[in-house]
Amino acid sequence: GDSVTQMEGPVTLSEEAFLTINCTYTATGYPSLFWYVQYPGEGLQLLLKATKADDKGSNKGFEATYRKETTSFHLEKGSVQVSDSAVYFCALSPLNDYKLSFGAGTTVTVRA
Amino acid sequence: GAVVSQHPSWVICKSGTSVKIECRSLDFQATTMFWYRQFPKQSLMLMATSNEGSKATYEQGVEKDKFLINHASLTLSTLTVTSAHPEDSSFYICSARGGGKETQYFGPGTRLLVL
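So the protein lines, in turn, are chains A and B. Going by this note's numbering, the first residue of the first sequence is number 1, and it counts up by one from there. Going by this note's numbering, the first residue of the second sequence is number 1001, and it counts up by one from there.
The following block contains the structure:
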């Protein structure tokens, strides 16, 4: 079945550092790919998404590119802030289905 | 827009009692709602999918008699944990989609502690 594997954390960075969180997936066909963020004490929020190969999703300085050839959707941000401290989840939904399969989540802590 | 609320935000109950959690879409009509369970430091596991006016579809391994789901209107779904036990303690999260929105929008979650 469909599955998502993302980089294990926790990840600790200094402000203005570069962040990468790796995410790979296994799915049939062409799923939609998502990154969700969960800030401390809050619910999940959609950060960005991509629905077809080579699409780039971007939001709040974060980017991720849908790579069909490597079945990846790595999340990147060039300069993190303390406010980016959160848990980040990679997820996919199969073509013509709205069910989401989540990765295990990566906890990111940014220190001033 | 696209706000989903849950009530209560946290609940403590005695073993053997039943607990109802509400999930509401505040500014759109949710044709489909999803219920997830999240264990500490783990990912979200889909429990069931509910469409307005029809029975919920449960994922493999989820007891439908234990976790009763009712999606009675386009803005409300409820999850009732029946005869709760300590192992049911968890963080329960709902999400909703509909009203022309393909993306799922998540509620803030309900933390359940069964003593």
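Virtual Cβ for every residue (Gly too), placed ideally from N, Cα, C.
Which listed residue (the options) has its alpha carbon closest to that of residue i
i, options, result
"T71/A", "G29/A, V80/A, L100/A, A17/A", "G29/A"
"L13/A", "D84/A, A27/A, A53/A", "D84/A"
"E1102/B", "N22/A, Y98/A, F34/A", "Y98/A"
"L1026/B", "A1072/B, L1076/B, K1055/B", "L1076/B"
"P40/A", "A112/A, N96/A, Y88/A, A104/A", "Y88/A"
"A53/A", "T65/A, A27/A, G103/A, N59/A", "T65/A"
"Q1006/B", "G43/A, Y36/A, W35/A", "G43/A"
Own chain partners of residue i with C-beta closer than 6 Å, once the 5 adjacent residues on each side are dropped
i, result
"Q1104/B", "S1095, R1097"
"S32/A", "T51, S93"
"S79/A", "E16"
"P10/A", "T107"
"G1109/B", "F1091, I1093"
"I21/A", "M7, L75, Y88, T106"
Rounded C-alpha distance that separates residue i from residue j
i, j, result
"G61/A", "V110/A", "15 Å"
"K56/A", "H74/A", "10 Å"
"F1028/B", "N1051/B", "15 Å"
"S993/B", "K1066/B", "Since the first residue shown for chain B is 1001 and the last is 1115, residue 993/B is missing from the structure and cannot be characterised."
"R116/A", "S101/A", "Residue coverage of chain A in this structure runs from 1 to 112, which leaves residue 116/A outside it and unanswerable."
"A1072/B", "Q81/A", "43 Å"
"G103/A", "E63/A", "18 Å"
"V1003/B", "K1014/B", "31 Å"
"T1031/B", "A112/A", "43 Å"
"L1054/B", "K1064/B", "Per the sequence presented here, residue 1054/B reads as Ser, with Leu not at that position. Whole-angstrom Cα-Cα distance: 14 Å."
"V4/A", "W1010/B", "29 Å"
"H1085/B", "G1016/B", "6 Å"
"I1012/B", "F1039/B", "16 Å"
"Y25/A", "F1106/B", "22 Å"
"N59/A", "A91/A", "16 Å"
7 Å CB neighbourhood of residue i in its chain, flanking five on each side removed
i, result
"F1034/B", "L1046, T1049, C1094, S1095, Q1104"
"S1089/B", "L1112, L1113, V1114"
"T1057/B", "A1048, T1049"
"E1022/B", "Q1006, H1007, L1076, T1078"
"L46/A", "F34, Y36"
Inter-residue CB distance, residue i and residue j (contact presumed, cutoff 8 Å)
i, j, result
"T1078/B", "V1019/B", "No, T1078/B and V1019/B are not in contact; Cβ-Cβ is about 11 Å, not under 8 Å."
Residues near residue i in its chain [Cβ-Cβ closer than 8 Å; skip 5 each side]
i, result
"Y1036/B", "L1044, M1045, L1046, M1047, Y1092, I1093, C1094, S1095"
* To do: Please list the segments of the beta strand (DSSP E) lying wholly inside the region 1088-1112 of chain B, counting only runs of 3 or more residues, in order along the chain.
  => 1090-1098, 1101-1106
* beta strand (DSSP E) runs contained entirely in the region 1019-1075 of chain B, provided each spans 3 or more residues -> 1019-1025, 1032-1038, 1044-1051, 1067-1073
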